[in-house]
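Note sheet for the following structure.
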Amino acid sequence: MAAEPDAWTEIAYVSLSKSGGSEVNFQALTETVDIDIGEKGGEGIPTLAGGRVWKNTPMEDSTVTLEMYCVFAGTTGTSGTGYGVFDIFNSGAGQDASQPIAVTLNSADVSRLKYRLCITWTDDSAFAGGTAATAASTNALRFVMADAQCISVKVSMTDGILKFTVAFKAPAYDINGAGTIQMASGDDTALTALSAYVFPTTKF
Numbered sequence: 000m001a002a003e004p005d006a007w008t009e010i011a012y013v014s015l016s017k018s019g020g021s022e023v024n025f026q027a028l029t030e031t032v033d034i035d036i037g038e039k040g041g042e043g044i045p046t047l048a049g050g051r052v053w054k055n056t057p058m059e060d061s062t063v064t065l066e067m068y069c070v071f072a073g074t075t076g077t078s079g080t081g082y083g084v085f086d087i088f089n090s091g092a093g094q095d096a097s098q099p100i101a102v103t104l105n106s107a108d109v110s111r112l113k114y115r116l117c118i119t120w121t122d123d124s125a126f127a128g129g130t131a132a133t134a135a136s137t138n139a140l141r142f143v144m145a146d147a148q149c150i151s152v153k154v155s156m157t158d159g160i161l162k163f164t165v166a167f168k169a170p171a172y173d174i175n176g177a178g179t180i181q182m183a184s185g186d187d188t189a190l191t192a193l194s195a196y197v198f199p200t201t202k203f
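Every letter in the sequence shown is one number past the one before it in numbering that gives the first Met the number 0, and letter 197, counting from 1, is 196.
Shown next as structure tokens:
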């Protein structure tokens, strides 16, 4: 039996896949992860009697921001390890299959491909990363955001090291009302592997 962790610290697994593509692992380049799940808000509407009527507002979009130390413009072929993000920002349009890589932002990038981002914390010492299953009798927490777009890449070298701040955004639901955000965990229990991501039919 695996003892429950006091907290998840230091180590996380970060993977990304475009619709119909393979999983690419980015934890080796990533320093921080910020998950901003969209607010399920509302407001009180004053009535003439001095009371309030509560009005629900639609759930807002969710955003995940990664601080990364990329060393190349992108990732070639079907490599399972990520090296750069400009090809993702460019939705894979005109990706190079071999070195050297040159990613040009252009008007042809109108498709804005959908991506699935998966972040996993686990005490499974043999975890394969990405969207793989965890072993029995281990603990894990997994966040998944499907149908996301890479909306922003900010590059800076203000503190002596080249850093990329990369943001992904997804709506709360797809056009048919199916959810795009999933949080799963296993307490002394295996998490099952996710299915390959295919927009719009297979999210998890």
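Even glycine gets a Cβ: it sits at the ideal position worked out from N, Cα and C.
DSSP places F85 within a helical segment (H, G or I) once states are collapsed to three.
Your pair D60 and G37 checks out as a contact, with CB atoms roughly 5 Å apart and the cut at 8 Å. For E38, the three-state secondary structure derived from DSSP is coil. Between S90 and L112, the C-beta gap is smaller than 8 Å, which places the two residues in contact.
The beta carbon of D35 is closer than 7 Å to those of S61 and T62 in its chain, skipping five residues each way along the sequence. In terms of Cβ geometry, D187 and A48 do not form a close pair [threshold 8 Å]. Under DSSP, Y68 forms no beta bridge with any residue. The region 174 to 182 makes no contact with the region 62 to 74: fewer than 3 CB pairs, one atom from each, lie closer than 8 Å.
Assignment of T164 by DSSP, reduced to helix, strand and coil, places it in the strand class. Under the 10 Å beta carbon count, S14 is surrounded by 16 or more other beta carbons and is classified as buried. Take the alpha-carbon of A125 and the one of F198: they are about 30 Å apart. Cβ-Cβ separation between A145 and A169: approximately 7 Å, consistent with a contact (criterion under 8 Å). By the neighbour-count criterion, in which 16 or more other beta carbons inside 10 Å mark a residue as buried, K202 falls on the buried side. If you ignore the 5 residues before and after G19, its C-beta comes within less than 7 Å of the C-beta of V197, all in its own chain and listed in chain order. Using a Cβ distance threshold of 8 Å, A189 and A132 count as a contacting pair. For the region 130 to 165, the full-length beta strand (DSSP E) segments reaching 3 residues or more read 139 to 155 along the chain. With a cutoff of 8 Å on beta-carbon distance, I100 and F142 are scored as not near each other. In its chain, beyond the 5 residues on either side, G40 and G41 have a beta carbon closer than 6 Å to the beta carbon of T56. T191 and S184 have their alpha carbons spaced roughly 10 Å apart.
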